[in-house]
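See structure below.
Number of protein chains: 2
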Amino acid sequence: MIYITETQSAAIVTPELAFDAMRAAFIAALSPGAASFPVVLGHGSDPQNRFTVKSAAGADLAGLKVGAYFPTNDARGLPRHASTILLIDQSSGRIGALVEGSAANCYRTAAADAVATDALARSDAQVLTLFGTGHQAAYEARAIARIRKLRRVLVVGRDATRTADFVAQLRQSGLPAEAEAAEPAVRAADMIVTATTATAPLFNPEWVQAGTHISSMGSDATGKQELPPALFNRASLFCDLPEQSTRIGEFQHAPEATPTAIGAVLKGDAPGRRDESEITVFDSSGISIQDLHMAQAILQAFQKAAAAD
Amino acid sequence: MIYITETQSAAIVTPELAFDAMRAAFIAALSPGAASFPVVLGHGSDPQNRFTVKSAAGADLAGLKVGAYFPTNDARGLPRHASTILLIDQSSGRIGALVEGSAANCYRTAAADAVATDALARSDAQVLTLFGTGHQAAYEARAIARIRKLRRVLVVGRDATRTADFVAQLRQSGLPAEAEAAEPAVRAADMIVTATTATAPLFNPEWVQAGTHISSMGSDATGKQELPPALFNRASLFCDLPEQSTRIGEFQHAPEATPTAIGAVLKGDAPGRRDESEITVFDSSGISIQDLHMAQAILQAFQKAAAAD
């Protein structure tokens, strides 16, 4: 088994690697025989510490991610989240590789939104509105900055101090960020990314202008919600995996919605944006095959670097 | 993360280590807060290659086992089964240890039966009847030989050639084995161990003599069956985990059965065998916390050996 530590994988992963891996994953999710298996919701010895096991198979790989969420880590100054991916060697059934991928997981989720936004946003989109000021939101902003030249990044947060700190952090990394209230931020947006833990819509659907693209990443469980369902009637709807997105993603709140898998757009099997005035919505609920493709890309880069040594 | 390879774990594991770990696991399974999470039934890129993910939490550990069953390995001369156990560090949420444990898994299952047989069989039991001639059956015979002085080991197999080979193999390892037909073997038995993939009872309940102990290890899925349910009316019933044993273990075929968790007997909270003439039955459906205790025992032995170096 090849063991890639957190330090090693964090040194290998780049937004480019993650972008390419997510593109491949979205296409692989639609290949014949691709399967996502039921998610395990487990807990530790202390039941407030939780872990999930998400597993999948694709045309040439299978495996699982163990994602831990340990709130008791706060008291020890450790991060709450930890992600580890196992790839099962398809020629032996043994674990072929273990990749510690906590940093990689942040790049993965942001890159998934970037792939979808790149496919669906107008090519001249230059104003990004970002809901959320958490750890993941910064990855989202940087991933979008790779695929469109951003003139403004409007940050909408619930807490003014936290939002100011977050804006300063983005500006330090070279992004033209500023804090803004929800309504003007949505009205000014060419692209909207929501990266929150919200359980109710973050904005009024009437504020959304023609031609806007929206990527929602926060909804991955029953009860979570970031977008106003009334918006869906005048938008084209996309997601990572329709059966999951309509069950635990944003479209759980729109029983009539029939979103298109983004992989079909990437493959050219389904239309994406049809004109400059269309509103497009992408929901990322997060699928296991993304994790397997991230681990495989990290593994390949690791092996390439090792061979070059 | 501490990574213990198959070679290392196979060199560390002994019947003694496995016996002590299984004893601890059966008791831990009853501790407040112990939990087994739903089993994932997954498959590889080739759907005939399958894997399971079995996870659990106990008072001081949590984690999971990935068990692969790859029939396509036959063509490559590789074993069909592979087991890997992950222990989640309860103070960080990260994977604390990965133990490749394919050999360990065979010791684990045999030791579980040995712990239960040791607790339930008569102290003067000396004739073991073994149904099954597969890889696991040999581990079962050797594990029982540790806890009772065996005068005879009667092997019941479906195929005469295979049974003869298996008997020769047991004799080579010092066990007084001989092939026998089902009826005389059951009538002569003080202890019966069934280690088959049967889906129907292996013997007639009337053949079982007073004072016999029976351990069934083959039933771990819907439809599997080794024992005649009519036997249960005149026997005391035990198992590893009642809610699982009555769902996918031997007691799926006896809806009225209320088996006692063997951990309660080991702790002294429930009676085991009450007299010399009682028939006792133990069903092992296999629980995840056994895997975690095996991995922990191997990890501790590994660390002790490393410290001594």
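For the record, the sequence lines run as chains R and V. So the mapping is simple: my numbering equals the position in the first sequence, first residue as 1, plus 135. So the mapping is simple: my numbering equals the position in the second sequence, first residue as 1, plus 135. Ideal Cβ positions, reconstructed from N, Cα and C, are used throughout, including at glycine. These figures come from a predicted structure and were not determined experimentally.
Nearest-angstrom Cα separation, counted from residue 331 of chain R out to residue 314 of chain R: Each residue's CA atom was taken as its position, placing residue 314 of chain R and residue 331 of chain R some 16 Å apart.
Any 3 or more C-beta pairs closer than 8 Å across the segment 152-161 of chain R and the segment 395-411 of chain R: At 8 Å Cβ cutoff, the stretches touch.
Beta-carbon gap between residue 255 of chain R and residue 280 of chain R smaller than 9 Å: Against a cut-off of 9 Å, the Cβ pair of residue 280 of chain R and residue 255 of chain R comes out as no contact.
Whole-Å CB distance - residue 275 of chain V paired with residue 248 of chain V, under 8 Å assumed: Yes, residue 275 of chain V and residue 248 of chain V are in contact; Cβ-Cβ is about 6 Å, under 8 Å.
Residue 339 of chain V versus V/362, V/323, V/324 and V/349, residue with shortest Cα-Cα distance: When only C-alpha atoms are compared, the closest one is V/362.
Candidates V/278, V/423 and V/184: closest to residue 209 of chain V by CA position: When each option's Cα is compared against that of residue 209 of chain V, the closest is V/184.
Cβ separation of residue 222 of chain V and residue 376 of chain V, assumed to be a contact under 8 Å, to the nearest whole Å: No, residue 222 of chain V and residue 376 of chain V are not in contact; Cβ-Cβ is about 20 Å, not under 8 Å.
Where the alpha helix (DSSP H) containing residue 187 of chain R begins and where it ends: Where residue 187 of chain R is concerned, there is no enclosing alpha helix (DSSP H), although the beta strand (DSSP E) it sits in stretches over 185-192.
Inter-stretch contact (C-beta, 8 Å, three-pair minimum) for the segment 137-150 of chain R and the segment 425-441 of chain R: Yes, since at least three Cβ pairs between the segment 137-150 of chain R and the segment 425-441 of chain R fall closer than 8 Å, the two stretches touch.
C-beta contact flag for residue 199 of chain R and residue 139 of chain R at 9 Å: At the C-beta level, residue 199 of chain R and residue 139 of chain R stay beyond 9 Å of one another.
CB contact below 9 Å: residue 219 of chain V versus chain R: Residue-level contact check: residue 219 of chain V touches chain R, since one or more beta carbons of chain R fall below 9 Å from its beta carbon.
C-beta neighbour in chain R for residue 230 of chain V, strict 9 Å: At least one chain R Cβ lies under 9 Å of residue 230 of chain V.
Runs of alpha helix (DSSP H) lying entirely within the segment 294-371 of chain R, each at least 4 residues, in chain order: Segments of the alpha helix (DSSP H) lying fully in the segment 294-371 of chain R: 295-307 and 317-323.
Whether residue 312 of chain R touches residue 337 of chain R by CB criterion (9 Å): Cβ distance not < 9 Å, so residue 312 of chain R and residue 337 of chain R don't count as in contact.
Identity of the residue in R/245, R/186, R/195 and R/191 nearest residue 149 of chain R by Cα: The option with the nearest alpha carbon to residue 149 of chain R is R/245.
Contact set between residue 205 of chain V and chain R, taken where Cβ atoms lie within less than 8 Å: In chain order: 227 and 228.
Selected residue, minimal CA-CA separation from residue 219 of chain R, among V/182, V/231, V/225 and V/354: The option with the nearest alpha carbon to residue 219 of chain R is V/231.
Stretch-stretch touch, CB-based, cutoff 8 Å, three pairs: the segment 410-418 of chain V with the segment 189-204 of chain V: Contact annotation: the segment 410-418 of chain V does not touch the segment 189-204 of chain V, with fewer than three C-beta pairs closer than 8 Å.
Contact belief for residue 347 of chain R with residue 324 of chain R at Cβ below 8 Å, rounded distance in angstroms: Indeed they touch by this definition, with Cβ atoms about 6 Å apart.
Nearest-angstrom Cβ-Cβ length linking residue 390 of chain R and residue 373 of chain R, presumed shorter than 8 Å: No, residue 390 of chain R and residue 373 of chain R are not in contact; Cβ-Cβ is about 18 Å, not under 8 Å.
Proximal residues of chain R, C-beta to C-beta of residue 201 of chain V below 8 Å: Going along chain R in sequence order, the residues near residue 201 of chain V (Cβ under 8 Å) are 199, 221, 223 and 230.
is_contact[residue 213 of chain V, chain R] using C-beta, thresh 9 Å: Cβ-Cβ to chain R under 9 Å: yes for residue 213 of chain V.
Own chain, CB closer than 7 Å to residue 235 of chain R, minus 5 neighbours either side, in chain order: Cβ within range, chain order: 139, 140, 141, 144 and 219.
Beta carbon of residue 355 of chain R nearer than 9 Å to that of residue 384 of chain R: If you check the CB distance, residue 355 of chain R and residue 384 of chain R come in under 9 Å.
Residue from R/180, R/369 and R/335 with nearest C-alpha to residue 360 of chain R: Selected option, being the one with the closest Cα: R/335.
Under 7 Å from the C-beta of residue 190 of chain R: neighbouring residues of chain V: What residue 190 of chain R touches in chain V: 175, 177 and 188.
Exposure of residue 369 of chain R, with buried meaning 16 or more beta-carbon neighbours within 10 Å: With fewer than 16 other Cβ atoms within 10 Å, it is exposed.
Reduced DSSP category for residue 273 of chain R - H, G, I as helix; E, B as strand; rest coil: In the three-state reduction of the DSSP assignment, residue 273 of chain R falls in the helix class.
According to DSSP, residues forming a beta bridge with residue 161 of chain V: Note: residue 161 of chain V sits in no beta bridge, so no partner.
Beta-carbon neighbours of residue 421 of chain V, restricted to chain R and to distances below 8 Å: Around residue 421 of chain V, no beta-carbon contact reaches into chain R at under 8 Å, the shortest distance being about 17 Å.
Cβ neighbour criterion (16 or more within 10 Å) applied to residue 176 of chain R: Only exposed fits residue 176 of chain R, as fewer than 16 other CB atoms lie within 10 angstroms of its CB.
Members of the segment 149-173 of chain R that neighbour chain V once the beta carbon cut-off is set at 8 Å: Identification of residues in the segment 149-173 of chain R having a C-beta nearer than 8 Å to some C-beta of chain V yields 168, 170, 172 and 173, given in sequence order.
Uninterrupted alpha helix (DSSP H) stretches inside the segment 232-267 of chain R (no shorter than 4 residues): The qualifying runs are 237-255.
Contact with chain V by residue 239 of chain R, beta-carbon distance below 9 Å: Chain V contact via Cβ: absent.
Status (buried if at least 16 other CB within 10 Å, exposed otherwise) for residue 388 of chain V: Label assigned to residue 388 of chain V: buried.
For residue 418 of chain R: DSSP bridge partner residues: For residue 418 of chain R, DSSP records a beta bridge to R/351 and R/374.
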